[in-house]
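Everything on this sheet refers to the single structure shown next.
There are 2 protein chains.
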Amino acid sequence: MSVITIKDVAALAGVSPKTVSRVINGEAHVRPAVRDAVMKVVAELGYRPNEHARGLSSSRSFLIALLFDDPASGYAADVQLGAIERCRHHGHHLVVERIDRAMPDWLAEVDATIASLRPAGVVLTPPLCDWSELTALLIHRQVPFVRIAPGSDTVPAAMVTIDDFAAAVDMTDFLIGLGHRNIAFVEGIRSHGAARKRLAGFREAMTRKGYEIREGWIYEGDFTFRAGLAAGEALLNLPNRPSAIFAANDELALGVLISALRMNIAVPGDLSVAGFDNAPISRMAWPQLTTVQQPNREMASAAVDILVDPSYTHLPANSFSEKMTYTLIPRDSTGPRSAG
Amino acid sequence: MSVITIKDVAALAGVSPKTVSRVINGEAHVRPAVRDAVMKVVAELGYRPNEHARGLSSSRSFLIALLFDDPASGYAADVQLGAIERCRHHGHHLVVERIDRAMPDWLAEVDATIASLRPAGVVLTPPLCDWSELTALLIHRQVPFVRIAPGSDTVPAAMVTIDDFAAAVDMTDFLIGLGHRNIAFVEGIRSHGAARKRLAGFREAMTRKGYEIREGWIYEGDFTFRAGLAAGEALLNLPNRPSAIFAANDELALGVLISALRMNIAVPGDLSVAGFDNAPISRMAWPQLTTVQQPNREMASAAVDILVDPSYTHLPANSFSEKMTYTLIPRDSTGPRSAG
DNA sequence: CTGAAAGCGCTTACAG
DNA sequence: CTGAAAGCGCTTACAG
Chain A
3 MSVITIKDVA ALAGVSPKTV SRVINGEAHV RPAVRDAVMK VVAELGYRPN
53 EHARGLSSSR SFLIALLFDD PASGYAADVQ LGAIERCRHH GHHLVVERID
103 RAMPDWLAEV DATIASLRPA GVVLTPPLCD WSELTALLIH RQVPFVRIAP
153 GSDTVPAAMV TIDDFAAAVD MTDFLIGLGH RNIAFVEGIR SHGAARKRLA
203 GFREAMTRKG YEIREGWIYE GDFTFRAGLA AGEALLNLPN RPSAIFAAND
253 ELALGVLISA LRMNIAVPGD LSVAGFDNAP ISRMAWPQLT TVQQPNREMA
303 SAAVDILVDP SYTHLPANSF SEKMTYTLIP RDSTGPRSAG
Chain B
3 MSVITIKDVA ALAGVSPKTV SRVINGEAHV RPAVRDAVMK VVAELGYRPN
53 EHARGLSSSR SFLIALLFDD PASGYAADVQ LGAIERCRHH GHHLVVERID
103 RAMPDWLAEV DATIASLRPA GVVLTPPLCD WSELTALLIH RQVPFVRIAP
153 GSDTVPAAMV TIDDFAAAVD MTDFLIGLGH RNIAFVEGIR SHGAARKRLA
203 GFREAMTRKG YEIREGWIYE GDFTFRAGLA AGEALLNLPN RPSAIFAAND
253 ELALGVLISA LRMNIAVPGD LSVAGFDNAP ISRMAWPQLT TVQQPNREMA
303 SAAVDILVDP SYTHLPANSF SEKMTYTLIP RDSTGPRSAG
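Here the protein sequences come in this chain order: A and B.
Residues in the first sequence are numbered from 3 upward in steps of one, following the working numbering.
Residues in the second sequence are numbered from 3 upward in steps of one, following the working numbering.
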């Protein structure tokens, strides 16, 4: 049997293709009886509209593009799951694209993708949600987009965030509550907005309590395990070493944790370690990492929901933006400051 | 400026749209001078063919679908990177779909996706590369597909594999070479073909050397960290515990490793632990895991290359299949059997 | 509430 | 080697 088209459905239902189209797209002004008749034929025939035909005749397609810088991270995988799930729910499909800013013509590549795919919307993850050339391009091309966890809020597009600043304040307060005063911080990639906010939250909490942030106790990491290892080695070899280390994500924290174990520093006995993200690896450590749960999946779902909302089409009021809740998850890598 | 179409290019180059089409698609029978002229206009105008129009007029699109069961795993992310890179190289785009077999109408969902997207090809990852309803559907729909690391080789489609059996033999031999005789094995998900082959390789190597595989020393895991933890606890509490544990993937191995640490069993002093995959987490452990490097990215790249090859269209000879090389990576989680 | 006509931007099939 | 015509399967814009 060859492929079923809208004409087949129309013929069998005794209506015009246009009416079938109305039913398929849930448009108003179709008599319930007609609607039901059409739906019945659609179901019987297993009719599925050809999305390329739809994309061609209307100027918008059924595709949502998810743009990543580093799609191999656990973070990206999580975000993807949320996006895929909502795309399916809305009858859309998720196209994933990697943007490698090291390529000289990366912007032209993105432009080409937009031109040839005409996605209904674009989801931007960190750090590229803060690349101004990219957001400017999308605005120029009039493609709706939503940014997840951006650093700046000056772009005229919706964003889905958690309050990274407040979460970092909370985690720092939590450590302080355990008796820690000498707390070091390991930064994420500085171009990540969220990374900067986490650092700012740490500073704020320490300052509020009047505790000193010592020279050299803020280590510039880059969100990788390797950097965490280096950070741990540097910070734990300081003459007056911190009793707690708060890292901007779980990979960094895991690196710190393992560098401590290597140096025979007991966690949490001699050192408390805290991360951020609640990535799977935070539970694959020993001891398990205290961290902040960030609802990555839900954030991506929310982004897709916004893009699919027809009222979001013509460029983006921030009224669509959503701030989601985070949760501090105390586990075994943190404990009371030891007497020593 | 409005969107540039093939007509604009044709007009400016002084040729027919059909000729532009020939140039764009790299067809033969275009005079070099004409070709160059067209390409110049294409470049000047920044023309990008509307892929929906292409997908509509030819019956095949520019989309490659990547089907996953569990897209959140590190494995999936890795595979995706390879697929995305090759898709871009070939001017295609990657659509990721999750198949949740728990949904009663999962097959209909896949069918709908195929019908509406008309992908140029489909990449199947484990374990769904071995779901016969799925492969039957794709064959019926005449959609080219390639399977990555399948268990069975009875499906008429190309597959990209490593020799899991041989790799498991090698790893077992490696452990035996360190003096281990009492080796336990932690299985992956039994429905994974690769998981079964790894177990078979382990059995083979032990049997060849005439070593006993003790009752209860093959633990049924499921590729998760949690199962690794449980496996470690079970195996290490056995009255006569193994001196080495070989796990079917790195997550399991990490679970085993951590359960050993919790029980105060030194690795590799008192216990050697080996994994499989060379996942990022294998390096985030302490000690780092001895494992088998599986070229996931390259395997996905190869799969896309096969799908894009025009001679692969009308269903699949196995002559396209590729067996890729693996590498045993000795690290710190394995060592000589201790005297005790 | 429903439909006939035209068109989206390409490629296919054919002609020369 | 090149092009004119027709068509892919929908939706848009219009009419009634």
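In this text, a Cβ means the ideal position worked out from N, Cα and C, and glycines have one as well.
Which residue's Cα is closest to the Cα of residue i: the options?
i      : options                           : result
B/F70  : B/V97, B/F64 and B/C89            : B/V97
B/I247 : B/P297, B/P152 and B/I178         : B/I178
B/L68  : B/P241, B/P121 and B/M208         : B/P121
B/Y221 : B/G212, B/A207 and B/L240         : B/L240
B/F187 : B/M265, B/A85, B/V81 and B/W219   : B/W219
B/R100 : B/R90, B/V125, B/H94 and B/G84    : B/V125
A/Q295 : A/I260, A/V310 and A/G277         : A/G277
B/A196 : B/P152, B/G223 and B/H95          : B/P152
B/M41  : B/P19, B/D107, B/M161 and B/Q144  : B/P19
B/M161 : B/S323, B/Y77 and B/A249          : B/S323
A/L231 : A/G212, A/E214 and A/V275         : A/V275
B/Y49  : B/F64, B/G28, B/V11 and B/R33     : B/V11
B/G337 : B/F225, B/L136 and B/R183         : B/R183
B/E46  : B/G57, B/S63 and B/A15            : B/A15
A/R285 : B/S261, B/I308, B/S154 and B/D72  : B/S261
B/F176 : B/T293, B/S154, B/L309 and B/E235 : B/T293
B/G76  : B/E111, B/D172, B/R88 and B/T226  : B/T226
B/T327 : B/R333, B/D166, B/R62 and B/E217  : B/D166
Kindly say whether residue i, judged by its beta-carbon, lies nearer than 8 Å to any beta-carbon of chain A.
i      : result
B/A184 : It should be pointed out that residue 184 of chain B corresponds to Asn in this sequence rather than to Ala. No, its Cβ sits nowhere closer than 8 Å to a Cβ of chain A.
B/S23  : no
B/E324 : no
B/R100 : yes
B/W108 : no
B/E53  : yes
B/M265 : no
B/W133 : no
B/S63  : yes
B/S303 : no
B/G277 : no
Are the beta-carbon atoms of residue i and residue j separated by less than 8 Å?
i      : j      : result
A/V258 : A/A233 : yes
A/I283 : A/L256 : yes
B/V157 : B/A305 : no
B/V22  : B/I8   : yes
B/L130 : B/D113 : no
A/V164 : A/A302 : Here residue 164 of chain A turns out to be Ile, not Val, going by the sequence shown. Their beta carbons are not under 8 Å apart, which means A/I164 does not touch A/A302 by this criterion.
A/L237 : A/R339 : no
B/P244 : B/I185 : yes
A/I343 : A/H91  : The first residue shown for chain A is 3 and the last is 342, placing residue 343 of chain A beyond what the model contains.
A/L273 : B/W288 : no
B/V207 : B/T174 : Here residue 207 of chain B turns out to be Ala, not Val, going by the sequence shown. Cβ atoms of B/A207 and B/T174: closer than 8 Å.
B/D413 : B/R299 : Since the first residue of chain B shown is 3 and the last is 342, residue 413 of chain B is not available in this structure.
A/L58  : B/L58  : yes
Does the beta-carbon of residue i have 16 or more other beta-carbons within 10 angstroms, so that it is buried, or is it exposed?
i      : result
B/K199 : buried
B/A169 : buried
B/P146 : buried
B/Q82  : buried
A/H142 : exposed
A/M3   : Because the pLDDT at A/M3 is just 45, under 50, the model does not fix this residue reliably, and the value given afterwards should be weighed accordingly. Per the 10 Å Cβ criterion, exposed.
A/T329 : exposed
A/S313 : exposed
A/P128 : buried
B/N27  : exposed
A/S321 : exposed
Measure from the C-beta of residue i to each C-beta in chain B and report whether the shortest distance is under 8 Å.
i      : result
A/W219 : no
A/Q82  : yes
A/M41  : no
A/H95  : yes
A/L14  : no
A/G223 : no
A/G57  : yes
A/L227 : Checking the displayed sequence, the identity of residue 227 of chain A turns out to be Phe instead of Leu. So yes, A/F227 belongs to the interface.
A/A160 : no
Checklist entry - Which runs of the alpha helix (DSSP H), 4 residues or longer, sit entirely within the segment 265-316 of chain A? => result 298-310
Checklist entry - Which runs of the beta strand (DSSP E) spanning at least 3 residues fall entirely within the segment 93-151 of chain B, listed in chain order? => result 95-100, 123-126 and 147-150
Checklist entry - Enumerated in chain order, which unbroken segments of the beta strand (DSSP E) with a length of 3 residues or greater are wholly contained in the segment 160-234 of chain A? => result 160-164 and 185-188
Item to check | 4 or more residues per run - each alpha helix (DSSP H) lying fully within the segment 3-74 of chain A | outcome: 8-15, 19-26, 34-47 and 53-59
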